[in-house]
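Chains as they are written, first to last, in my numbering: chain A, 1415 to 1752; chain B, -18 to 307; chain C, 8 to 597.
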Amino acid sequence: MADLLRTELTSGEAALGGQPGGKRKPPAGRSPGQLAWRRFRRDKTGVISACVVLFFFVVGLGAPVIGWLYGKNPDTHYGLDRPGLLTDTGIPVKPNGGMDSEFWFGLEPRLGRDVLMQLVYGIRTSLLIALVVVAIVTVLGTVIGIAAGYLGGRTDYIVGRIIDILLAIPSTLFYIAFMPVALALFVAPGKEAPVWLRSCALVLLLTVFGWTRIARLLRGQVLSLREREFVEAARVSGAGTRRIVFKELLPNLFTPILVVATLDVPAMVTTEAALSYLGVGMVEPTPDWGRMIHDGGDYLQTDITYLAFPGIALIIFVIAFNLLGDSVRDALDPKSHR
Amino acid sequence: MLAFLVRRVLGGIVILAIISLITFLLFFAVPGSEVAALSCGKACTPAIMEEIRHSLGLDKPVLVQYAIFMGGIFGGRQIGDTYCSAPCLGYSFVNRQPVFQTVADRLPVTLSLAIGAVVLFLLFGVGLGMWAALRKGKLADKLAMGFAVIGGSMQIFVLAPFFLYIFVYSTDLLPRPTYVSFWDNPLQWATGLLLPWLCLSIIFVAYYARLTRSSMVDVLNEDFVRTVRAKGLGTRQVYVKHAFRGAMIPVVTILGLDVATLFAGAIITEQSFGLVGVGQLAVNSVLNSDLPMMMGVVLLAATAVVVCNIIVDVVYAAIDPRIKVS
Amino acid sequence: MKRTKLVGTTVVAVTAALVAAGCSAGGQNAGGPAGPKVAEAKVSVDKDGSQSKGPAKDVEGFRKGGNINILWRQDLTHYDPANTNSSPDMTTSEMILRRLTMYKIDGDKTTLVGDLATDTGQSTDGGKSWKYTLKDGVKYADGTKISSKDVKYAVSRAFSTKYAQGFPYIQTWLADSDDFSKVYAGPYETGKQLGDDKVETPDDKTIIFKFSKPRPDFPFAAALPTTVPVPEAKDTKEAMDQDVSAIATGPYKVAAHEVDKSLKLVRNENWDPATDPIRHQYADSYTYQFGPQITEVTDRLSASAGDDKNSSSIYSAVAPERLSQVMQDPKLKAQVIDLPTSQVNVYSINMDRVKDINVRKALLVAFPKEAARTTQGGPYYGDYATTVGSPALLGWQKYDLPGVTDVDPKGDPEKAKKMLADAGKSGYEISLGYTQTPSAEKEALVVADGLEKAGFKVNKLPIQSKAYLNTRDKKDNNLDLYWSAWAPDWPTGVTVYGELYDGRKIGDGRPNNSHINDPAINAELDRIMQINDPAEQGAEFNKLDKKIMEQVPQIPYVYQRRQVMVGANVGGGSGDVHNVMNINNLFLKS
C-alpha cells in the first residue's frame, strides 16, 4: 500500500505546494483565466502532456468507434476460434505476441482476444471509474473542507478526527479487505455481481478514502481566507453565509480544487488498476489494464509483448497526467513555481 | 514533553479503538461471512455448526463479541478447543493458527523489505533533492526533477515484472527474489531482496527528491539561514548545520507515514515478487475470506501507523527548535 | 513425450537478439502425433504372494544419503490413517505407515502386492471372507512387533464418527450399510471392538474379514489407510491427526512436525527392507515445506538455486501459464515428469433441471473442448475424454456411440443450434457455475462463449473457490452445468460408477452431482458389483459406461494429466498409484 499511498502523497503534496491564491491584482485588460491560459500555452511540456491525455480520453470514449473501424471487438476469442493463431498450450504462434497486420498489438495468451481492443476498452473501464470517483470526491471534499474551515469549532474538530482515523488506516489494505464487504452490501452471496455493481462498490471504496486530501487542503485555505479583509468586508456589509461561501470563498479556492482534481485522476486510475492487479477489482470479462498486467506477468519468458502494451500505456498515461497537473498548477498559480 | 507524549499516546489509543470497532462491525455486518463454516469441515451438519458457533461465542451480540475480542488482545482467550494467548487477535481457521503468531512469522520478510527500501530511498532521495536544490534552475536540477516526475509516475506492479524480465529472466544478473533470514546468511538476504528494494526505491527516491528539494529551497530563503549566512558561515556549514536540519522536518513527517505503511506490508511489492510477507498474507486472507486474519492485519497495520505518527511528532519536536512541545 | 512442430505453423526460431530487444518469440505447439499419451490400465493382483517379498527393486542410478525438500502448498489435511483421504496425503502417509496391501510399480506395470501381509488376501468362498497373514519381522519404529489385533483395532476405530472424513468402503461393507456408524459406533462409544463375526484374529499373525455379500474388491480396499495397524495402547485419538510418530511402520518416521509450516521425516531404523517389496530408504531425511503456491514451486524448481536443487514437488507442479516456458527448455523439461492420471474431468449437467435429453445432447455437441483445454495448458492438461470412466480403470475400452463419442472437440455450434431448434428449445438458458479463480474464470468464459454460439443463453455464476464444492454438491444447487472431477480410489470401476451414477445416492455432499437416476442403470450397478473377477467386472462396467453416456448426464472433458517436477539434483522421479510424485523413489544425484 505504500506504493499507493505514495501516489496520494505525491499529488497531495504537489497540490499543497500551491500557496493560497488570495486576490491577486491582474494586469489591466486580462482576466486571470486568460492569463493562465496564456501561461499554459507557453509551457511546451504542458501542451504535449495535455495532448497525450486528450488522446487517452478520445480513445477511451471512442472505443466502440475504434472497434468498428478496426473490425474487432474485445470479447471474441479470435485465437481460439481460428486455428493457427495460438499454439495448443495457448501461446501466440507468431513472434511478438502474435502481432501482425490483422492483430496490431497481438493476441492475448490462453484466451486469444485482441490486445488492442482489450487495451482500448480497458482505458474506458479505468477512466470511467476514476472520473466518477474524482467528481464525487471533489464535490464531497470541497463541501466538507469549506464547512470545516468556515464553521470551525465542533464541526472542524469532528472532521479533523475523522480524517485522522482515515489516514491511520493503510489504504490499500483497507481497499482489499473491504472490497468483498462493499460487494456484499450490493449482492447476495453466490450470485453474479453485474459489472455496474462491482464498479459502484469500487467507486464507494475509493471515495471513502479519496475525499480527505482535498478536504484537508481546503480547510486550511478557508481558515486563512476567513480572516482576510475582503471576507471580513463582505461580512460587515451584511452578506449571508451563502453569498460569502459562493461569491467570496469559492472563486479563490478554484485553483487548488482544479489542481488536486487533475492529480487525483491518475492516482485513481492507478489505484483501480492496482486493485484489479491484486484480484479484488474488476473481473473477467470486463477489460481492465490492471488485470492485463497481472496476467502478463505470468508470461514474462514466453510472451513479454502481452505485458508490454498495458504496462507502457499505463505509465505513459500517468506521466502525462502528472505533468499536466504540474503545468496546470504553474499556469494558474505562477508563484508556486520555485 | 511528558504531558505531550501522554496526550499523543492517549489520542492514538482512542483512534485505534475506533478503528477496531468500525472494522469489527463492518466485517460482522456482512452476510455470509461465516467463520463457523470454515472450522466445520466437510461433514458439516447444522447441529455441529451451531455447536461451533456457540463454542466460538458467535451466537452472542456483536458488541459483546467485540468486548471479548478486545479482552483477548490484552489477556488472551479460549477459542473453541485452543487457547490463544495474549496478544490474541483471533484465530484463523484457514491457517489453523492464532492470527498474531502467523503475522509474527511473516513480519521478518516485511520488515527486511521495508528497512532496505527506506535506507536506499532516503540516501538517494534526500541526496538527489539536496543536489537539485543546490543547483536550482540549472540543468542538473531540471534533470533531477525530470527523473522525479517520471520515477514518481512508475507503478510497482508494472516495474516489477519488467525488472524481473530484465535482471532475472533475460540476463541472470540477479537471483529471483526470495527471502533468506538475515541471521542465516546476510549476503543472500541482501541479494535476494535487492530487486524489490530497487523497485520500491525508484518510486520513493523520486518523491523524496522532490520533497527535499522544495523544502530545502524554502529553508534557504528563511530568515535564520540568511542570518547565519550574514554572520559569515560558509556554504557547506550553512547547508549541513542549519538548512539541512530545517529542511528535514517535512521529510521526517512523511517518512513516518511511509515507514508505517511499509511495515504494514508493501502489498503490491510482495505480491509482484512473490515474497511471503504480511502484505501477501492480507491479500490471501481476503481471497480466502479469512475474516479473523483480515481483522488482525488491518488492526496491526493501523497500530503501526499510529505508533509511527507519535514517533514522528516526538522527532519533530526534537529537531525543530521553533516548535514548542507544550 | 516429444515436442514436434506441426506442419503449417509458422514457428520463428528463438533468437537471443529478439529476446534482448524485449520482443518475444512465437510459441510452438506441444501436441501432435508424438504428444502425451494416456496410459491404459495394466494393474494386476499378486494372488500367490510371489511378488510380495522384499527387498524392493532399486531405482536406476540411485544414491543414498542427503536431505530432500518437498514443496507443497499445504500441510496434510489429516495424519491419522483413519482420516487420510486425499492423493498427496496418501503418498506421504504411505512412506510412514504400511498397510495390508499396496501397489508396486515397475515401469508401466502396476501390481497389487502384500505389504504387511504376505499376499493380497486369500478367499475360499467367492469373496465373502478374506484372510491375511502378517509377514515375519514387521515392527513399529520403537521395535515392538506388529500384531494382527492392531489391524482389527484400527478397522474398529474407523467406524467412529470422528473419522467420517476417511475412506468408508471397508466399514460400509462390514456393516452392509452406508450408515455404518449406526450399526457399530466404534470402540470409544461402545467400549468394544468389532465382533469376531466381522473381523476375526485367531492369532497375532492372522486376520480374517467376513462379509455378508461377496466383496471381490477387498484386496484393493485393503491398500487404503483403513488397514494401517493402530495398537489400542498407542491410540491418542484426536492427537493422532497431528502426530503419528508412535505408529510408524514404514521406512521413514516423523521427527518433527510444525502444523502448516514443516514436516521432517527421518529414517526408521526398525524398518526391515527384507519385508518390503515397494519402498526404499535412499534419502537420510525429507523436509516438507508447506506454503509455496504452484507458480512459486515451478519457479523455484526451474531455477534450482541453492537448496532448491535438492527439492521436489509432490502434486501438480507446473502452472498452466508456465507450461510453455518449462516444456520448451530441454534442461527444464528433463526435470518434469508428465503423468497420465486416473482422474476424469467432466462438466456435469444437472438432470433435475435439464430434463430434455436433446438439450443435453446439444450441450455436448456445442461444448468447445479444444478452446477450453487451451486455457488450461492444452495437451498437458489431458486428452479429450469421450467416456465418464478413466482409461486407467480395469476393463476400460474406447467405445463408439454415435452422436456422443464422435463429437468434434472444437464444438459444432451449427449442429447444436439445429438440435436445439428441432427440440423446440432455441435460446435455452443455462446457468454455468464455476470457481472464481483467474484460471477457472478463463475456462468458463470460453465455455460460455462456445455455448452461446450454439444459441444457448448462458448465465455465468462465479462461486468463491472455498465454497465451490459445497455449493455444487448441494442437491438444489440452482445450477445447470458445472465442472466436476473424480479419481477412483483404486483402479477398478467400483468407486467410480457405484458412487457417481447410482440414482439412490443423490443427496447433499454426495458425488452423484449430475443427479442421474435411471432404474435400469441402478439395477445394472447392483448386478456388476457382485461379479467376482475384476477383469470380467471391468468389461461390464465399460458397457455400463456406454449406457450412462446414452443419457448424457455429463460432458466428458479431459482425462487429466499432471506435471510434477524435481530440482536439478534430484533423480528417480516417477509417478505413484495416486498419480502424484512417488517421493519414496527420489534420490539426490550428488
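Think of the CB as a built atom: it goes at the ideal place given N, C-alpha and C, for glycine as much as any other residue.
Bear in mind the structure is a predicted one, so any value in this text is a computation, not a measurement.
Neighbour flag for residue i against chain B, beta carbons, 7 Å
| i | result |
| --- | --- |
| A:Gln1532 | no |
| A:Pro1670 | no |
| A:Gln1715 | yes |
Outcome for residue i when other beta-carbon atoms lying within 10 angstroms are tallied against a minimum of 16
| i | result |
| --- | --- |
| C:Thr393 | buried |
| B:Pro352 | What is shown of chain B runs -18 to 307, which leaves residue 352 of chain B out entirely. |
| B:Cys69 | buried |
| B:Glu251 | buried |
| B:Trp164 | exposed |
| B:His35 | exposed |
| C:Glu421 | exposed |
| B:Pro167 | exposed |
| C:Asp415 | exposed |
| B:Leu44 | exposed |
| A:Trp1610 | exposed |
Close-in-space but distant-in-sequence residues of the same chain around residue i (CB under 8 Å, 5 per side omitted)
| i | result |
| --- | --- |
| A:Ile1363 | Residue 1363 of chain A lies beyond the residue range present for chain A, which begins at 1415 and ends at 1752; the question has no answer from this structure. |
| A:Thr1716 | Ile1505 and Pro1523 |
| C:Gly514 | Lys482 |
| C:Phe187 | Phe166, Pro175, Gln178, Thr179 and Leu181 |
| A:Phe1470 | Ile1537, Leu1541, Phe1731 and Ala1734 |
Minimum Cβ-Cβ distance from residue i to chain A less than 7 Å
| i | result |
| --- | --- |
| B:Ala121 | no |
| B:Leu275 | This sequence places Met at residue 275 of chain B; Leu is not what is there. Yes, B:Met275 counts as interfacial toward chain A. |
| C:Asp456 | yes |
| C:Pro386 | yes |
| C:Ala423 | no |
| B:Phe339 | With chain B covering -18 to 307 only, the question about residue 339 of chain B has no answer from this structure. |
| B:Pro142 | yes |
Cross-strand partners of residue i (DSSP beta bridge)
| i | result |
| --- | --- |
| C:Trp403 | None, per the DSSP bridge assignment. |
| C:Arg517 | In the DSSP output, where bridge partners are listed per residue, C:Arg517 has none listed. |
| B:Cys65 | B:Arg58 |
| C:Pro563 | C:Val353 |
| C:Tyr295 | C:Ile77 and C:Leu270 |
| C:Met572 | C:Val343 |
| C:Phe216 | C:Trp137 and C:Val206 |
Nonlocal neighbours in the same chain, by C-beta distance under 6 Å from residue i, ignoring five residues either side
| i | result |
| --- | --- |
| C:Gly61 | Pro280, Ala281, Thr282, Asp283 and Pro284 |
| B:Trp178 | Gly97, Ala98 and Leu101 |
| A:Gly1436 | Confidence is the limiting factor: at A:Gly1436 the pLDDT is only 43, short of 50, which leaves the residue's position unreliable, though a coordinate-based value still follows. Taken in chain order, the list of residues that qualify is empty. |
| C:Pro327 | Gln383 and Gly384 |
7 Å Cβ shell around residue i - same chain, five flanking residues per side excluded
| i | result |
| --- | --- |
| C:Pro563 | Val351, Val353, Ala392, Thr393, Thr394 and Val395 |
| A:Lys1439 | Any reading at A:Lys1439 must be qualified, since the residue scores a pLDDT of 49, below 50, and its modelled position is unreliable; the value itself is stated next. Correct list: empty, nothing qualifies. |
| B:Val287 | Gly(-7), Ile(-4) and Leu(-3) |
| C:Lys205 | Leu181 and Lys217 |
Contact with chain C by residue i, beta-carbon distance below 7 Å
| i | result |
| --- | --- |
| A:Arg1612 | no |
| A:Lys1437 | With a pLDDT of only 45 at A:Lys1437, under 50, the local geometry of the prediction cannot be trusted, and the value read off the model is given with reservation. Not one chain C Cβ lies under 7 Å of A:Lys1437. |
| B:Arg157 | yes |
| B:Gly258 | no |
| B:Gly255 | yes |
| A:Glu1698 | yes |
| A:Gly1711 | no |
TODO: Below 9 Å between beta carbons is the criterion; list the residues of the region 146 to 162 of chain C that meet it against any residue of chain A, in chain order.
DONE: Those residues of the region 146 to 162 of chain C that come within reach of chain A (Cβ to Cβ, closer than 9 Å) do not exist; the list is empty.
Open item on the list: If the cut-off is 7 Å on Cβ atoms, which residues from the region 325 to 351 of chain C count as contacting chain A, listed in chain order?
Closed with: Glu328, Leu330, Ser331 and Gln332
Open item on the list: Short of 7 Å Cβ to Cβ, which residues in the region 304 to 324 of chain C face chain B?
Closed with: From the region 304 to 324 of chain C, only Asp306, Ala310 and Ala312 have a Cβ closer than 7 Å to chain B.
Open item on the list: Please list, in chain order, the residues of the region 251 to 273 of chain C that have any C-beta partner in chain B closer than 9 Å.
Closed with: Val266, Asp267 and Lys268
Open item on the list: Please identify, using Cβ separations under 7 Å, the residues of the region 1571 to 1584 of chain A that lie next to chain B, in order along the chain.
Closed with: Asp1578, Ile1579, Ala1582, Ile1583 and Pro1584
Open item on the list: What are the residues in the region 52 to 70 of chain C lying within 7 Å of chain B by C-beta distance?
Closed with: none
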